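Residue 1 is where the sequence shown starts when you use full-length UniProt numbering, and the numbers rise one by one after that.
Cβ atoms here follow ideal geometry from the backbone N, Cα and C, with glycine treated the same way.
Quick caveat: nothing in here was measured; it's all calculated off a predicted structure.
Here is the structure we will look at, set down as structure tokens.
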Amino acid sequence: MGRRAECSPQRRERSWKCSRSRVVASIDVYGPDGTRLPAGVGRVPKGSRYQVRYRTPEGASRKRMFTRKVDAEQFLVSVEHRKLTGEYVDASAGRRTVRDYAEAWRAAQVQHRPTTAAQVETHLRRHVYPILGDRPIGAVRRSEIQGWVRNRSTELAPSTLGVVYGYLAAVFRAAVDDQVIARTPCTRINLPKRTRPRVVPLEVAQVDAICEALPDRYQALVTLAAATGLRQGEAFGLTVDRVDFLRRTVRVDRQLVLMPGAGPHLAEPKTPASHRMIPLPAVAGDALAAHLAVFPAGPEGFVFTNDRGEPIRRTRFSDVWRRAVARAGVEGVTFHDLRHFYASLLIRHGESVKVVQERLGHASPVETLETYAHLWPDSDDRTRSAVDSVLGAPRVPVVSEGGVM
Numbered sequence: 001m002g003r004r005a006e007c008s009p010q011r012r013e014r015s016w017k018c019s020r021s022r023v024v025a026s027i028d029v030y031g032p033d034g035t036r037l038p039a040g041v042g043r044v045p046k047g048s049r050y051q052v053r054y055r056t057p058e059g060a061s062r063k064r065m066f067t068r069k070v071d072a073e074q075f076l077v078s079v080e081h082r083k084l085t086g087e088y089v090d091a092s093a094g095r096r097t098v099r100d101y102a103e104a105w106r107a108a109q110v111q112h113r114p115t116t117a118a119q120v121e122t123h124l125r126r127h128v129y130p131i132l133g134d135r136p137i138g139a140v141r142r143s144e145i146q147g148w149v150r151n152r153s154t155e156l157a158p159s160t161l162g163v164v165y166g167y168l169a170a171v172f173r174a175a176v177d178d179q180v181i182a183r184t185p186c187t188r189i190n191l192p193k194r195t196r197p198r199v200v201p202l203e204v205a206q207v208d209a210i211c212e213a214l215p216d217r218y219q220a221l222v223t224l225a226a227a228t229g230l231r232q233g234e235a236f237g238l239t240v241d242r243v244d245f246l247r248r249t250v251r252v253d254r255q256l257v258l259m260p261g262a263g264p265h266l267a268e269p270k271t272p273a274s275h276r277m278i279p280l281p282a283v284a285g286d287a288l289a290a291h292l293a294v295f296p297a298g299p300e301g302f303v304f305t306n307d308r309g310e311p312i313r314r315t316r317f318s319d320v321w322r323r324a325v326a327r328a329g330v331e332g333v334t335f336h337d338l339r340h341f342y343a344s345l346l347i348r349h350g351e352s353v354k355v356v357q358e359r360l361g362h363a364s365p366v367e368t369l370e371t372y373a374h375l376w377p378d379s380d381d382r383t384r385s386a387v388d389s390v391l392g393a394p395r396v397p398v399v400s401e402g403g404v405m
């Protein structure tokens, strides 16, 4: 057997680590003319450069040049430390463009529903790639992200911008996890404040006016939404087998969605909390029964269909809705306002935050309170109501000829 190779003192002097005869990491000195100087050279000529050679955790060879020896040594120590701690990031990986990495990230997502996947693709293509798409992902700085936010804030509402930024931040977080970049630039980014519009519930007369202004086949749809708080997709996706006329309940476990380039189809509701059983009031049950007697469900079982008996497309229904609210004198009212109307009814009749949350399918009571807190009576009102309910109507003094009795 051959004698084990030893690193010479000179070799050890310019090598970070030796493995038998192979240098795993080293610092080589190059003179002003570009010629590598021999190991152990005494005086280093002015203008010399120091080349760090090292290997990545995967074994790939890398090198980097420095003008100062101290910088080369510090870099080499840093590289080896990051390799030992698992924090090493290969600089070449960060040369991938934002677009290239984001597309790979998007293709790898398995938890995105079809509608979410389509939304992510659209937002990245329209709002991220035109500005950041061709930038090396490792070169993007926090200031660029803040500039991107400022640019997009001129075109997007704060809520929409928040959604798009969330996707962009997720891409950079994934790049950190993949060790493509060392840290994300999406830190301490100032986003425009979101102002939640104060909900002003519709009046009963306004709901009735909208109902009457719609074609007959859509009138029960308004009654159902106002009486159950169903989201539009949940109402459009309601099938006969989800309505229990005997127990007077509606089971919500699907919604109708429309994918780009595809027809309407049933999918999971918005969130896990959206799966719920809703009490079916008599007014809604009677409206549904009368509706189905005139417009029977087709083979797919949809309660509500268009005039061709097909599932309702949101875009086409929007045109019908806009004309109806204009005729009803309530322009600007949306289908979602029927959901707010339902919530206001529950609150007005004393339902708790927890009950309202469950009926609406909110993910948490925080969402319910952020939307409807101003509709709940305050403690002063409850105190007055409690006392009045016990003591009854105010007593009116009886005046006799002799004075007050």
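Element boundaries [alpha helix (DSSP H), containing THR249]: Careful: THR249 lies outside any alpha helix (DSSP H), inside the beta strand (DSSP E) at 249-252.
So residue 424 is in the beta strand (DSSP E); what residue range does that whole segment cover? The first residue shown for the chain is 1 and the last is 405, placing residue 424 beyond what the model contains.
Run of the alpha helix (DSSP H) containing residue 436, from where it starts to where it stops: As displayed, the chain neither begins before 1 nor continues past 405, which places residue 436 out of reach and without an answer.
Measure the beta-carbon distance from PRO311 to PHE317 and round it to whole angstroms, keeping in mind my assumption that it falls under 8 Å. In this structure PRO311 is not in contact with PHE317, their Cβ atoms being roughly 10 Å apart against a cut-off of 8 Å.
For ARG231 versus GLN255, is the C-beta spacing smaller than 9 Å? Closer than 9 Å, so yes.
Straight-line gap, HIS127 to THR160 (C-alpha atoms, nearest Å): If you take the alpha carbons of HIS127 and THR160, they lie about 11 Å apart.
To which residues of the same chain is TRP148 closer than 7 Å at the C-beta, ignoring the five residues directly before and after it? Within its own chain, the residues whose Cβ lies closer than 7 Å to the Cβ of TRP148, once the five positions on either side in sequence are excluded, are ILE131 and LEU132, listed in chain order.
Among all the DSSP beta bridges, which residues are the ones paired with ASP244? In the DSSP output, where bridge partners are listed per residue, ASP244 has THR249.
Would you call the region 193-208 and the region 362-377 in contact, with 3 or more CB pairs under 8 Å? Enough Cβ pairs lie closer than 8 Å, so yes.
What is the DSSP secondary structure of LYS63, reduced to helix, strand or coil? Strand.
Roughly how many angstroms lie between the CA atoms of VAL163 and GLU268, to the nearest whole one? Computed Cα separation, rounded: 20 Å.
Please report the straight-line C-alpha distance between VAL52 and ALA118, rounded to a whole angstrom. Approximately 46 Å, taken between the alpha carbons.
What is the rounded straight-line gap between the Cα of VAL320 and the Cα of THR334? Cα-Cα distance, rounded: 12 Å.
With a cut-off of 8 Å, do at least 3 Cβ pairs link the region 136-154 to the region 184-196? Taking a cut-off of 8 Å on C-beta distances, the region 136-154 touches the region 184-196, as three or more cross pairs fall below it.
Where do the N-terminal and C-terminal ends of the alpha helix (DSSP H) with VAL366 fall, by residue? 365-372 is the extent of the alpha helix (DSSP H) around VAL366.
In whole angstroms, what separates the C-alpha of HIS275 from that of ILE347? Straight across, the Cα-Cα distance linking HIS275 with ILE347 is about 21 Å.
Closest residue to LYS83 among ARG55, THR97 and PHE66 (Cα-Cα distance): The residue with the shortest Cα to Cα distance from LYS83 is ARG55.
Rounded C-beta distance between ILE210 and ALA324? I'm assuming under 8 Å. ALA324 and ILE210 do touch by the CB rule: their CB atoms are close to 6 Å apart, below 8 Å.
Checking 9 Å against the spacing of the C-beta atoms, do VAL222 and GLU234 come in under that value? A distance of 9 Å or more separates the beta carbons of VAL222 and GLU234.
With DSSP run on the structure shown, which of helix, strand or coil describes ARG173? Three-state DSSP puts ARG173 in a helix.
Cβ-based neighbour list, PRO158, same chain, cut-off 8 Å, excluding 5 preceding and 5 following: Result list for PRO158: LEU191, PRO192, LYS193, ARG194 and THR195, in chain order.
Taking the alpha carbon of MET277 as the reference point, which residue from VAL207, GLN357 and THR305 has its own alpha carbon closest? Cα-wise, what sits closest to MET277 is GLN357.
Less than 9 Å separating the beta-carbons of VAL279 and ARG248? In the sequence as presented, Val is not what sits at residue 279; that position holds Pro. Yes. Within cutoff.
Is it buried or exposed for VAL70, if we count other Cβ within 10 angstroms and need 16 for buried? Label assigned to VAL70: exposed.
9 Å Cβ cutoff met for PRO136 and VAL98: In this structure, PRO136 lies near VAL98, with their beta-carbon atoms less than 9 Å apart.
Bridge partners for MET259 per DSSP, in chain order? For MET259, no pairing in a beta bridge is given by DSSP.
Candidates ALA227, GLU121, ALA39 and ALA213: which alpha carbon is nearest ASP286's? If we check each option's Cα against that of ASP286, ALA227 comes out closest.
Mapping the DSSP letters down to three states, classify TYR140 as helix, strand or coil. First, the residue type needs correcting, since residue 140 is Val and not Tyr in the sequence shown. It is coil, neither helix nor strand.
Buried or exposed: which applies to HIS336, given that a residue is buried once 16 or more other Cβ atoms fall within 10 Å of its Cβ? HIS336 is classed as exposed because its beta carbon has fewer than 16 other beta carbons within 10 Å across all chains shown.
Top-ranked residue by Cα proximity to VAL204, from GLU370, ARG339, GLU367 and ALA39: Restricting attention to GLU370, ARG339, GLU367 and ALA39, the CA atom closest to the CA of VAL204 is found in ARG339.
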